[in-house]
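Protein chains in written order, with my numbering: chain A, 1 to 662; chain B, 1001 to 1662.
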């Protein structure tokens, strides 16, 4: 056995197990990590403006939208919103800090979060990343201070996921040295654009660039849409109307009727048009140029993933604390009802989600750190950039699905009380719902992840079409990639991931992280090899690549999912190994085990189908999960309190102890 | 092989498979069943009042509530709401019709549905079932016509699931021949009571009856709470405030301060108090009396299950029709994007839910029919009544979870557009969310189902504490039941369910309904035996029954779930067998196979763990599911259209074909 015994949590074994004592401030400091101070700044701001949570129920839509706008501008004063911008423009030049600040904002009203995300992340990020000094000098300071509000006009009614096929045009008029922005048809109107219906003065508009009769693909332009509160000439804006949630954000539709902007309105970091009408770009390949531009916007994706994970923390905090004071049915005695959290099923409903939230929190910190390194220039190689994009996509998908699932389960676990708005789930559920869709539909993102894996798999093609997620969906990239892939690589790679020995998967302890990691690595490698072979076989047989892809699309998505879960477990185990000894370490270890075994249990059929899980061991894993839940039960309160969600963000006075008569 | 070959869908085999032609009106008639006319009446009413779907977004809460009240009263004029009441009071004396009408109402605004459910189902049902002629004569006609509005005041802040532990008291004052209704503390206030905050004049109040110093458990009383729009003396009502959904229903809290009502206010079908203060009841056992009373209210549970299933149909209709006109990415050709529904993953996301919705629709019809028979006196035996209660509980749980899951998946499958209120998912999602909680929390209901199974399992104890679901949760009934249970029964019973032969589970065709049924029967019997043994073993070992129960609570819930899925598949297969030959039959057969194989795939790990699924066969099932999805693809539109959701209820003009530019 190659198991590194220093990593097995031997103190978790039934024989020597001692119930850990958890110090909340210590655990919270561990979770907050490097940016604890930034997180605390945002926590204080949230508490100061806590009334917004009630305003949301009280105000009319227009009033609520204006209130949200005011808050976003006022909070910017504290510096929390501009942390990712260069210091010379009023920022702090710290991208990691900006992610930490944004994530923490998700404890509060989520319209505020999204409005801030549109202004500083999408609009500000586009100016910063796609623009050059002239745009920065003109706009950054004003936008960081909230003096100029903007929106990010990418999505159209006809095209959300397939951005390369947008219909809006930007035609260069060499005489006037202007671009003419135009909406050719209703399918090309900009749609769901946050900040557009009421507040934005500027829009970053993505449009097909035409110069001298030649098309150069999608580029971004700064276009005024409102001046002194009035919509500009040639621009038409319509309100998207009421939505399931996020009604403090003014989403709108925009049409452009031959709107003229100066040549300098083109955000020209990656391409420019000379006054004379010559198109120039340092990146020759139009596809690569497009995805390089998009790639600079990855921060938005990292932000949404983090927001989803933090919204899940709010729900878990409420549900766990409620279950620690709510009693129902005399289960273990005749004269007193039992606490909900003492029921095995209740533990099974909440604790695996708690463990997964810890796991995703730690993964998210890793992704945010890598975002910081890549965009601060510490890591500037192509590989790091691509790895970041894939991890951001995967973490966004799993983090936002976690939010949807966790909030739902927590709402149900609080019964009818969970349905009342004052108990927070209403807003959490409604507002986070779209997280799985915006900043990249989760399924499309997982396809992007899978595309990266398949490209890596055929490493000799690493540099071809590497960011071509869109064409991958279309199956067009797949045949290029796979034609020369040698399938026998699979077996070699699988061998590498095993901890050693033929019986590794049966002899190792269930709580041995090397066993857990090996299981998730085996699954990923095996799925990846399988999908590659299926694609190759279909294409070799002369079938339409799109149809071949469609037939194994569920397999593709599962592969990406398996990959991301493996990364998450690695991040979790790595972080666990770094922790100093103590009750907090033991507690995190329990959650890490629960997360790992939960991943295996959820996919137990697959592991059995592929000979890596005996039926006996599968049952043992389920029993172990129940045992872990029982061990987590006494420290559940500490584990949610360590998230540091301010009490004011929980509301729920009656759910959380100020219960009448209690 | 005992397989009955007349039941294998041989025309579905790859060799001889012919794509069926589906006639929507024919299929719809099959689905509508016996009460097609009633369903059409409600469909017409929904279309007439379709404006309510927009009112919900436009009006203030008070205006919306009043509008909902008006609609409920106006619709009652058509006769759709009173169908379950006796003809002499303005009803139609047809309980089956009343369920069909109510279910269909779920295609429209769900506040209207719930408000109608409170008035005619809960309030009216309590008067009808728990009251006697004096109450009927005084109230039924007025309430059927909507001239008297009432509410159903059972749940309290401190007790939702554990109704036997309610705190409100009703003390008989022999001098005055009155009951004194009182709320002793804030945990005993009535809570979440629909119709209470604004409209109800009467409440059916559940309270602990005290007569001459003796407690007789929970009984129901008719108590005036509002007169001429003013709250009555001694009554305090508070609005529950905004909720996640159903904001057209005025949920409130009620406190009673020594409120006096005449002796005749006791709904005295099952117990009475003489003027002199003697308590009398034809049912001696207080526990049984309580559950007999509750049992008469089972119609509410059947209604909510049906409503959930029908809400899921609305979501599926929109998502499937959207996926048939929305294109994204050029997958199979260079010049045209593909329809969403042509992607394998999209089919995998929607079609299993479509199949499950068909399955639950048919199960629900069976439950509604049995409700009709039991309450019309056709089936009056104790066994039928108990079976009905268990099936109603199980179908409610699975039907409402189906709604939550289906609406969520369909929203995500419609992308950002699905987030706009005009596209229906906002209301569907928010309004149905509480369905999993009210009329019995789903987990508590599944425990009730499991309790029934364990009681049946130990059939010699069939008549002991048979409705004691509450005590079952507490594990107290379990030891009584299991002490004398002979575990060897398990093996005998399992043998009976096998289609014959040792290799039955490997030789039968995957599309053989006998194979599918045998798999689900085996799972149920095996789980049931296992849970019984675990409970018995723990109790025999002297452990606290409550703790023993808590430790295997997830096993208990899974057993109940397996039981209900088996019943659903039986209902589906039975219904399929009755259908006349034709394309519609083939189509229903595809859905039946997809549902059955989906159940097995979802639990593949369990089947493998228990030696009933080889890894090869497990993979074959997944492949077969994909193949079924491909076969359903060409008839998907017909399959959702057959639900007969009026176009006006779908709204979503842009999602469904009146797309700009399309």
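By construction, the Cβ of each residue, glycine as well, lies at the ideal position given by its N, Cα and C atoms.
Remember, predicted model here, so these are calculated numbers, not experimental data.
Three-state secondary structure (DSSP) of residue i
i, result
"residue 1334/B", "coil"
"residue 1225/B", "coil"
"residue 1584/B", "helix"
"residue 216/A", "strand"
"residue 295/A", "helix"
"residue 405/A", "helix"
"residue 1171/B", "strand"
"residue 107/A", "coil"
"residue 1558/B", "helix"
"residue 1642/B", "coil"
"residue 192/A", "strand"
"residue 16/A", "coil"
"residue 249/A", "coil"
Per-residue contacts from residue i into chain B (C-beta, under 7 Å)
i, result
"residue 64/A", "The contacting residues do not exist; residue 64/A stays about 13 Å from chain B at best."
Distance CB(residue i)-CB(residue j) smaller than 8 Å
i, j, result
"residue 157/A", "residue 198/A", "no"
"residue 1720/B", "residue 1309/B", "Since the first residue of chain B shown is 1001 and the last is 1662, residue 1720/B is not available in this structure."
"residue 1102/B", "residue 1154/B", "no"
"residue 38/A", "residue 72/A", "no"
"residue 1256/B", "residue 1193/B", "no"
"residue 587/A", "residue 20/A", "yes"
"residue 315/A", "residue 425/A", "yes"
"residue 1169/B", "residue 1182/B", "yes"
"residue 278/A", "residue 135/A", "no"
"residue 127/A", "residue 204/A", "yes"
"residue 506/A", "residue 33/A", "no"
Given residue i as reference, the closest of the options once Cα atoms are compared
i, options, result
"residue 510/A", "148/A, 613/A, 580/A", "613/A"
"residue 1396/B", "1350/B, 1445/B, 1607/B", "1445/B"
"residue 1651/B", "1053/B, 1024/B, 1049/B", "1053/B"
"residue 538/A", "550/A, 642/A, 589/A", "550/A"
"residue 519/A", "115/A, 451/A, 601/A", "601/A"
"residue 638/A", "358/A, 383/A, 569/A", "358/A"
"residue 666/A", "631/A, 92/A, 144/A, 439/A", "Nothing in the structure corresponds to residue 666/A, since chain A is present only between 1 and 662."
Per-residue contacts from residue i into chain A (C-beta, under 7 Å)
i, result
"residue 1240/B", "420"
"residue 1550/B", "331, 342, 343, 344"
"residue 1443/B", "345"
Residue(s) in a DSSP beta bridge with residue i
i, result
"residue 1237/B", "1254/B"
"residue 1205/B", "1153/B, 1221/B"
"residue 272/A", "280/A"
"residue 260/A", "180/A"
"residue 99/A", "DSSP, once it has assigned bridges, lists no residue as partnering residue 99/A."
"residue 243/A", "1420/B"
"residue 1266/B", "1221/B"
"residue 361/A", "According to DSSP, residue 361/A bridges with nothing at all."
"residue 339/A", "327/A"
"residue 1231/B", "1226/B"
"residue 563/A", "Beta-bridge pairing links residue 563/A to no other residue."
Contact set between residue i and chain C, taken where Cβ atoms lie within less than 7 Å
i, result
"residue 1618/B", "In the structure shown, chain C does not exist; the protein chains are A and B."
Neighbouring residues, chain A, relative to residue i (Cβ below 8 Å)
i, result
"residue 1425/B", "244"
"residue 1035/B", "What residue 1035/B touches in chain A: nothing, since even the nearest Cβ is about 31 Å away."
"residue 1328/B", "159, 160, 161, 162"
8 Å Cβ cut-off: residues of chain B touching residue i
i, result
"residue 155/A", "1416"
"residue 557/A", "1345"
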